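So the protein lines, in turn, are chains A and B. Read the first sequence against UniProt numbering and you will find it ends at 119, with the numbers running on by one and no gaps. Read the second sequence against UniProt numbering and you will find it ends at 119, with the numbers running on by one and no gaps. For reference, the structure discussed in these notes is given below.
Number of protein chains: 2
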Amino acid sequence: MDERQALAAFAALGQEHRLRVVRALVAAGPEGLAAGVLAETVNVAGNNLSFHLKELSHAGLITSRREGKSVIYSAAYAGLSDLVQFLMRDCCQGHPEVCAPAVAALAACDCTTGDALHA
Amino acid sequence: MDERQALAAFAALGQEHRLRVVRALVAAGPEGLAAGVLAETVNVAGNNLSFHLKELSHAGLITSRREGKSVIYSAAYAGLSDLVQFLMRDCCQGHPEVCAPAVAALAACDCTTGDALHA
DNA sequence: TCTACGTTTCAACGATAGTTGATATGTAGG
DNA sequence: CCTACATATCAACTATCGTTGAAACGTAGA
């Protein structure tokens, strides 16, 4: 991920409705949510949401697929992962002992309570 | 960290000059950089930089201390850690196996090549 | 205390982002 | 087909953000 992509991603996440969309999609898992459901969830008008979804998609944070009359959106976990890595990568430039707590704290999140990391 | 703080932080990082400032400060380590040095590094006018530094400080991403005539800024590693945790926290809601790759990827960053995690 | 230096604040302008309403696309069912 | 439904696109308006220049503040040395 280059700076331009990271900027787009951070800017996308720096907007109330879009941040909620991403969190809702992340929580919803790979199956995703329909645009209409998302509109109700974040309480945003459909046309407005469409604008934000396009921006999130362009930022590589979400993906979409059509399913009948609905368009299903889901979180782009790879994109989120890249963004986190981009943010944390430079913390290691000569001072790994400084950023280690951040990594350790993340490693202590609920994700590690499962056996997913050992799969 | 609540949503309002996370929004401020993401919005702050979604701006070219501010993102570069944060990365420069993160790379510089705890000793930080003077405002003037930062202005040269990111190629931004001093008064303009001051505006961005204030915003980053308000977002909890950087801290400052006066040192003689200079004001030294440094990255707020705790704030960055909180932000990463906020972004990744919800990935665990019922689907830990999905977000695990993101955590694993981050854990593979250079931070872990040192012995900082085992200190 | 006077001057020089580094940094910050302020007001104003131009550019950009977000919302809204109307309209268009695309899809399923009668 | 034609209608109903879900979503996307477009133009216009408003508000907010980022930049600039001038000026103020705080600090150190002569």
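We put the beta carbon where it would ideally sit given N, CA and C, even for glycine. Only a predicted model underlies this, so the values are computations on that prediction, with no experimental measurement involved.
Contact of residue 1/A with chain B by beta-carbon distance below 7 Å is absent, the smallest such distance being about 11 Å. In this structure residue 22/A is in contact with residue 62/A, their Cβ atoms being roughly 7 Å apart against a cut-off of 8 Å. Neighbourhood of residue 35/A in chain B, by CB distance below 9 Å: empty, with the nearest CB roughly 20 Å away. Assignment of residue 55/A by DSSP, reduced to helix, strand and coil, places it in the helix class.
With a cutoff of 7 Å on beta-carbon distance, residue 39/B and residue 49/B are scored as near each other.
Listed along chain B is no residue with a C-beta nearer than 7 Å to that of residue 56/A; the closest approach is about 12 Å. Following the DSSP letters along the chain, one finds residue 75/A inside the beta strand (DSSP E) bounded by residues 70-75.
When DSSP states are grouped into helix, strand and coil, residue 31/B belongs to the coil group. Buried is the label assigned to residue 52/B, since at least 16 other Cβ atoms lie within 10 Å of its Cβ. Residue 7/B: member of the alpha helix (DSSP H) spanning 3-13, first to last residue. Taking every protein chain shown into account, the CB of residue 2/B has fewer than 16 other CB atoms within 10 angstroms, so this residue is exposed. Cα atoms of residue 74/B and residue 30/B: separation of roughly 6 Å, rounded to the nearest angstrom.
Each of 33/B, 8/B and 17/B was checked against the Cα of residue 66/B, and the nearest Cα belongs to 33/B. For residue 44/A and residue 19/A, the gap between their C-alpha atoms comes out near 13 Å. Neighbourhood of residue 39/A in chain B, by CB distance below 9 Å: empty, with the nearest CB roughly 19 Å away. If you draw a straight line from the Cα of residue 27/A to the Cα of residue 17/B, it comes to about 32 Å.
Within chain A, the residues 14, 16 and 19 have their CB atoms less than 7 Å from the CB of residue 7/B, given in chain order.
The beta-bridge partner set that DSSP reports for residue 66/A consists of 71/A. What residue 76/A touches in chain B, judged by beta-carbon distance under 7 Å, is nothing: the nearest beta carbon there is about 11 Å away. Taking a Cβ-Cβ cut-off of 9 Å, the neighbours of residue 11/A in chain B comprise 10, 11, 13, 14 and 15, given in sequence order. With contacts defined as CB atoms closer than 7 Å, residue 10/B and residue 10/A qualify as a contacting pair. Between residue 84/A and chain B, the shortest Cβ-Cβ separation is below 7 Å. Ranked by Cα distance from residue 76/B, the first of 68/B, 70/B, 56/B and 69/B is 56/B.
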